[in-house]
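Beneath this line is the structure, given in structure tokens, with notes to follow.
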Amino acid sequence: MFVERNVPLQPLNSFGIAARATALVRVRGEADVRAVLAYAELGAQPRFVLGGGSNIVLTGDLRAVVLKVEVMGRRVLEATDRHTIVEAGAGENWHDFVTWTLAQGLGGLENLALIPGTVGASPVQNIGAYGVELQDRFHELDAIDLRSGELFTLNAAECGFGYRDSVFKHTPAEPGGFGLAGRALILRVRFALPKAWKPVLGYLDLERKMQETGVAEPTARQIYEWVVAIRRAKLPDPAVIGNAGSFFKNPTVTPEQCQDIIGRDPKVVHYPMPDGSFKLAAGWLIDACGWKGKRVGNAGVYEKQALVLVNTGGHEQPATGGEVMTLARAIQTSVYERFGIRLEPEPVVV
Ligand code: EPU
């Protein structure tokens with residue numbers, strides 16, 4: 003095991019925020035985790051599990067041992083009656099993995115193409131896009147207990163998936179005590195890809211592509227290419243301009259609240275949910291408050307999509323976590339004052 007000390011984290015988070023970690027260990031398998039636990043000096047320190055760093059905001063130095071997940075490997079495991087089960091190491095790049103499944107002739111993950119981050123981070127926030135959520139394709143995952151070093155496997159129910167949420171985003175100290183944040187490290191994830199593949203096309207942007215191209219029955223590969231094109235046009239590439247994807251969750255409101263807002267702002271983008279509630283487009287609410295292109299220091303609101311906060315200072319003069327959070331709070335206040343809705347940040351703030 004090799005311990006790196008006083009490690010710069012700027013290259014390891016997609017926002018490009020400059021911060022340091024007390025120590026960092028690269029985890030290529032369970033043996034590395036057990037070595038950290040057995041190492042007296044490190045064993046007692048707090049731990050922080052880092053994947054691709056594409057869904058975090060660093061507000062200061064990390065006084066912790068960072069476990070940088072680099073567990074690799076992808077394979078087709080088995081076929082059941084209805085599914086093909088594929089497995090990937092938590093350190094694999096998510097988009098490369100999606101591309102690989104399609105190259106194996108396996109559809110099912112195409113709507114989730116080009117989401118930044120790693121396979122191991124995908125269940126943490128239950129990534130979702132264009133009508134598909136990770137939980138729709140999830141089979142199970144292997145993780146290691148960061149206190150005992152024991153391996154365990156969780157199925158979908160045990161992961162407690164919700165909208166951009168799972169058991170891995172909650173700490174054990176929260177009510178219920180089921181949270182696994184800081185307590186488990188995901189090693190491998192298995193996906194169940196349907197043998198009878200069906201396209202998921204309900205999303206407006208995809209319907210538009212069908213009309214533009216005249217393709218009425220797209221293949222999984224075709225949808226993959228459309229999703230890549232849509233995302234490239236709308237969302238900033240973190241390799242060019244630092245960001246953490248959507249900065250806020252789309253809020254859910256009651257039918258009464260929704261009617262009230264429609265009464266005042268008839269154009270508000272809203273979607274009915276199966277339980278009778280409505281989901282509002284946070285990007286629209288922020289845009290309506292005039293935030294596109296606004297800045298606090300070197301943190302800014304992306305010009306083409308108000309839901310994404312960006313680092314406008316690049317590598318040389320990066321936004322600080324403080325600037326990002328000041329901007330985020332100002333946005334929350336203005337959306338609350340105008341619409342009475344509290345926006346909740348989507349990335350993990352550390
Ligand atoms: N809108 C505006 N102004 C804006 C941004 C959006 O008016 O500045 C409107 C759009 O015109 C559209 C609606 O708001 O009518 C929704 O926008 P969009 O379709 O771009 O999707 P989103 O709700 O902003 C969500 C996810 C994305 C995911 C897309 C596609 C969340 C928090 N975000 O964004 O996920 O890619 O749908 O499915 O659920 C992420 O989580 O990091 C992420 C990028």
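Using our numbering, you'd call the opening residue of the sequence shown number 3 and step up by one each time. Note that the Cβ used here is the ideal one computed from N, Cα and C, for glycine as well.
Residue i - partner residues in DSSP beta bridges
i      : result
HIS85  : PRO196
GLU80  : ILE87
SER248 : VAL310
LEU187 : ILE146
GLU135 : GLY130
ALA222 : The partner list for ALA222 (beta bridge, DSSP) is empty, contrary to what the question assumes.
HIS272 : LEU282
VAL5   : VAL27
ARG49  : VAL67
PHE180 : The partner list for PHE180 (beta bridge, DSSP) is empty, contrary to what the question assumes.
PRO10  : ARG22
Closer than 8 Å: residue i CB and nearest the ligand EPU heavy atom
i      : result
GLN307 : yes
LEU187 : no
GLY278 : no
ARG166 : yes
GLY109 : no
GLN259 : no
TRP286 : yes
LYS251 : yes
GLU348 : yes
ALA235 : no
SER336 : no
SER248 : yes
GLY133 : yes
ALA198 : no
VAL310 : yes
ALA123 : no
LEU206 : yes
GLY302 : no
GLY130 : yes
ILE117 : yes
LYS294 : yes
VAL202 : no
ASP239 : no
Where residue i falls: helix, strand or coil (DSSP)
i      : result
GLU346 : coil
VAL229 : helix
TYR205 : coil
ALA25  : strand
LEU69  : strand
ASN57  : coil
THR215 : helix
HIS141 : strand
ASP34  : helix
THR173 : coil
ASP277 : coil
THR256 : coil
PRO240 : coil
VAL337 : helix
GLY164 : strand
PHE17  : coil
VAL351 : strand
LEU116 : coil
LEU104 : helix
LEU111 : coil
Segments assigned beta strand (DSSP E), at least 3 residues, entirely inside the region 287-332:
301-303 and 310-313
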